[in-house]
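Asks: When you read off a place in the sequence shown, starting at 1, and then add 15, the result is the number in the working numbering. Glycine included, C-beta positions come from ideal geometry on N, C-alpha and C.
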Amino acid sequence: MAEAMAVELLLFVVGLWALATLRLSKPSKQAEFWASFPTAGVSSGVFFPWSLAAFRSITASADMATEGYNKFCKKRDIPFALPSTGVGAIVALPPSQLHVLNKSEKHVIAAEAQSESIQPKYMIGDRELYENSIHFDIVRKHMTKDVGFFAAGTAEELDAAFRDCWGADSQNWTTVGAWDTLSRAVARAVNRAYVGLPLCRNETLLEQSRLYANAVYMGSALITAMPKCTRPALGPLIALPAKRYLAGCKRVLVPLVEERLRRWDGGKAGEKMPDDALQWMVERCAKVGPGQMEPAGIAQRLLILNLVSIYTTSYAFTNCVLDLHGSESRDDFVAGLRRECDGVAAELDGLVTGKAIDKLFRVDSAVRESMRISCFGIISLPRIVGPGQALDLGSDIKIPPGVRLGIPSQAIHRDASYYDDPLRYDAFRFSRDFESPDGAGRQAAGQKRSVDVSSSFLTYGFGKHACPGRWFASQLMKQALAYIVQNYEVECVGKTQEKKALLNMIMPPVSAKIRVRLLRGQHC
């Protein structure tokens with residue numbers, strides 16, 4: 016029902032967009048620049064070519080971006096314009112100009128462009144929470160490279176979550192929703208790190224936080240597709256489900272924050288406090304000042320981290336499970352992964368430490384390969400040219416202030432000049448060259464790991480703006496995938512579904528079904 020309502024709302028938004036923009040033959044702002052700039056998806060010899068291209072971008076941005084990438088980036092090493100609704104046309108840069116996106120905020124603005132993915136004005140509301148984003152400081156401090164601390168807790172939570180979501184029947188297959196069950200397992204593991212036991216298993220918080228994350232990302236995609244003139248009226252309406260789920264989360268979380276604040280006030284004399292994200296949030300807010308110590312504000316800051324972690328990790332991990340088990344070589348891949356997991360677990364007494372998870376080279380490759388082929392979006396690393404003067408790209412190319420930039424990451428990830436047979440999911444693509452013929456020995460140095468970014472792998476960003484939480488997300492996904500291959504048989508139900516896009520956002524596989532069965536001999 017939710018999907019049907021989203022489609023109906025999208026059609027309504029498209030109608031409004033058509034009324035607002037179909038009268039234009041090209042963008043009204045920076046018209047001279049756009050008129051002379053290489054463009055993908057704009058047909059000649061038709062009425063309103065720009066508007067029609069923007070209309071087409073709602074569902075065909077991937078095709079348009081691939082066309083532009085092949086025609087302009089690969090052949091001529093130059094950027095191109097990609098018409099789009101809502102934010103207008105985007106300048107897509109070739110990989111050779113990735114360095115431009117690392118310029119200072121004076122030249123290219125990152126924060127404002129990146130925040131559009133969650134439309135904070137409508138989905139969060141309180142300007143203090145999204146303009147003074149101190150909650151991300153705890154990610155940079157506590158959840159970067161040294162994340163082995165979380166491994167024991169998330170291992171225990173994943174075990175409990177999969178037993179609850181997939182059961183322990185080794186005789187009969189059970190059909191489940193891939194997105195629903197895997198995102199639920201991810202939500203529990205993330206909340207184990209954020210709020211600990213027992214709240215990470217609170218059914219109300221789990222369901223409301225998962226629904227909140229979905230509503231924010233799906234609603235934000237719809238708002239982004241709308242003409243700006245319609246957002247003040249329709250944005251709050253689209254945000255209503257997210258606000259409702261947020262209120263449900265806060266009803267559970269605010270009392271915990273209040274209790275933690277009481278303990279912390281008393282604990283300054285020596286009481287040992289929990290070592291979790293909530294405690295780090297309390298301490299960070301206290302350093303900023305008394306104005307940040309409102310329990311509802313602390314709870315919502317934690318929920319902002321929660322929604323980003325749950326949605327993005329659920330998206331990547333669900334696609335990983337589907338890519339792996341939907342592959343023609345799934346039996347060989349799963350067998351190879353299981354051998355590696357069993358071997359490391361036997362050597363290091365389980366997969367409950369960062370050291371053990373770091374030795375899962377094949378598992379790491381399987382996760383990285385899925386993130387390569389199943390991107391979050393079509394254009395990534397969004398930026399806005401800063402005010403004042405044009406951004407000089409060289410070769411007489413100057414981008415006016417206010418124009419949006421990005422990288423055609425999906426097309427890059429599927430470029431045969433970077434990856435052999437790029438449309439095929441190859442779980443061991445990144446580990447195979449570093450293994451001995453029998454798989455017993457390996458040379459770890461040189462293998463590209465799932466957290467490594469490069470000009471041809473952009474899932475986690477690039478340069479100074481690369482995702483600081485990628486080490487935690489990667490460790491969690493590897494741990495979860497290892498748990499599945501060691502404990503369950505998995506089969507995809509039906510044909511592999513084609514990935515659908517709404518503007519720049521590739522939609523999560525919410526309707527995909529899988530069959531699961533506990534491996535015989537396991538006592539999950």
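Which residues mark the beginning and the end of the alpha helix (DSSP H) in which CYS356 is found?
Replies: From DSSP, the alpha helix (DSSP H) with CYS356 extends over 345–363.
Asks: For ARG535, which of GLU171, ASP184, LEU116 and ILE133 has the nearest alpha-carbon?
Replies: ASP184
Asks: What's the gap between the Cα of ARG266 and the Cα of GLU218?
Replies: 13 angstroms
Asks: State the CB to CB distance for the pair TRP49 and ALA104, rounded to an integer number of angstroms; the pair is presumed to be in contact (CB under 8 angstroms).
Replies: Correct: roughly 6 angstroms between the Cβ atoms.
Asks: Are the stretch 140–153 and the stretch 297–315 in contact at 8 angstroms, needing three or more beta carbon pairs?
Replies: Taking 8 angstroms as the limit for Cβ pairs, the verdict is that the stretch 297–315 does touch the stretch 140–153.
Asks: According to the neighbour-count rule (16 or more other Cβ atoms, all chains shown, within 10 Å of its Cβ), is ALA455 buried or exposed?
Replies: In this prediction, ALA455 scores a pLDDT of 49, lower than 50, which makes its location untrustworthy; the coordinate-derived value is nonetheless stated afterwards. Burial state of ALA455 is exposed, judged by a 10 Å Cβ sphere holding fewer than 16 other Cβ atoms.
Asks: By Cβ distance below 8 angstroms, which residues in the same chain neighbour GLN404 in space, the five residues on each side in sequence not counted?
Replies: Cβ-Cβ distances below 8 angstroms link GLN404 to PRO416 in the same chain, with the five nearest sequence neighbours on each side left out; the list follows chain order.
Asks: Classify PHE472 as helix, strand or coil using the three-state DSSP reduction.
Replies: Here PHE472 sits in strand by DSSP.
Asks: How many Å lie between LEU39 and VAL57 at the Cα?
Replies: Because the pLDDT of LEU39 is 43, which lies under 50, any placement of that residue in the model is unreliable, and the question is left without a value.
Asks: Since LYS493 is in the alpha helix (DSSP H), which residue starts that stretch and which ends it?
Replies: 485–502
Asks: To the nearest whole angstrom, what separates the beta carbons of VAL382 and LEU496, a pair I think is in contact under 8 angstroms?
Replies: Yes, they are in contact, since the Cβ atoms of VAL382 and LEU496 sit about 6 angstroms apart, within 8 angstroms.
Asks: Among GLN315, GLY250 and ASN229, which one has its Cα closest to the Cα of VAL269?
Replies: Selected option, being the one with the closest Cα: GLN315.
Asks: Taking the DSSP output, what are the residues bridged to VAL531?
Replies: THR189 and VAL505
Asks: From ASP291 to PHE164, what does the alpha carbon distance come to, in whole angstroms?
Replies: 10 angstroms
Asks: Indicate whether the contact test is met: 3 or more Cβ pairs, each with one atom in the stretch 240–254 and one in the stretch 196–211, closer than 8 angstroms.
Replies: At 8 angstroms Cβ cutoff, the stretches do not touch.
Asks: Taking C-beta to C-beta, are LEU318 and TYR227 nearer than 8 angstroms?
Replies: yes
Asks: Assign VAL106 to one of three DSSP states: helix, strand, or coil.
Replies: strand
Asks: What residue ranges within the stretch 379–463 form continuous alpha helix (DSSP H) runs of no fewer than 4 residues, ordered along the chain?
Replies: 424–428
Asks: When we look at the beta-carbon of LYS41 and count the other beta-carbons within 10 Å, is it buried (16 or more) or exposed?
Replies: In this prediction, LYS41 scores a pLDDT of 48, lower than 50, which makes its location untrustworthy; the coordinate-derived value is nonetheless stated afterwards. Burial call: buried.
Asks: Using a Cβ distance threshold of 8 angstroms, determine whether the stretch 417–435 contacts the stretch 80–88, with at least three qualifying pairs required.
Replies: Taking 8 angstroms as the limit for Cβ pairs, the verdict is that the stretch 80–88 does touch the stretch 417–435.
Asks: How many whole angstroms separate the CB atoms of VAL106 and VAL418, which I take to be in contact at a CB cut-off of 8 angstroms?
Replies: 6 angstroms
Asks: How many Å lie between SER446 and ILE73 at the Cα?
Replies: 37 angstroms
Asks: Residues bridged to PHE95 by DSSP?
Replies: BP columns for PHE95 point to ALA107.
Asks: Kindly give me the distance between the Cβ atoms of LEU97 and ALA55, rounded to whole angstroms, as I take these residues to be in contact under 8 angstroms.
Replies: 6 angstroms
Asks: List the endpoints of the continuous alpha helix (DSSP H) containing TYR326.
Replies: According to the DSSP assignment, TYR326 belongs to the alpha helix (DSSP H) that extends over 310–340.
Asks: Under the rule that 16 or more other beta-carbon atoms within 10 Å means buried, what is THR511, buried or exposed?
Replies: Exposed, by the Cβ-count rule.
Asks: Leaving out five residues before and five after GLU18 in sequence, what residues of the same chain have Cβ atoms less than 6 angstroms from its Cβ?
Replies: Confidence in GLU18 is poor, its pLDDT being 45 and thus under 50, which makes the residue's placement too unreliable to answer from.
Asks: Quick one: using the 10 Å Cβ neighbour count with 16 as the cut-off for buried, is GLN490 buried or exposed?
Replies: buried
Asks: For LEU366, which three-state DSSP category applies?
Replies: coil
Asks: With contact counted as at least three CB pairs below 8 angstroms, one residue from each stretch, are the stretch 387–397 and the stretch 516–533 in contact?
Replies: yes
Asks: Output the distance between the C-alpha atoms of ARG89 and SER119, rounded to the nearest integer angstrom.
Replies: The displayed chain sequence assigns Lys, not Arg, to residue 89. Near 27 angstroms, if we compare the C-alpha coordinates of SER119 and LYS89.
Asks: Once you ignore the five residues that flank TRP188 on each side, which residues in its own chain have a CB closer than 6 angstroms to its CB?
Replies: Contacts found: ARG530 and ARG532.
Asks: According to DSSP, simplified to helix, strand and coil, what is ALA516?
Replies: If DSSP states are grouped into helix, strand and coil, ALA516 belongs with the strands.
Asks: Along the chain, where does the alpha helix (DSSP H) containing GLN246 start, and where does it finish?
Replies: For the record, residue 246 in the displayed sequence is Arg; it is not Gln. Where ARG246 is concerned, the enclosing alpha helix (DSSP H) stretches over 246–253.
Asks: If you count every other CB in all the chains shown that lies within 10 Å of the CB of THR196, and 16 or more means buried, which is it?
Replies: buried
Asks: Using the rule of at least 16 other Cβ atoms within 10 Å of the residue's Cβ for burial, across every protein chain shown, is ASP411 buried or exposed?
Replies: exposed
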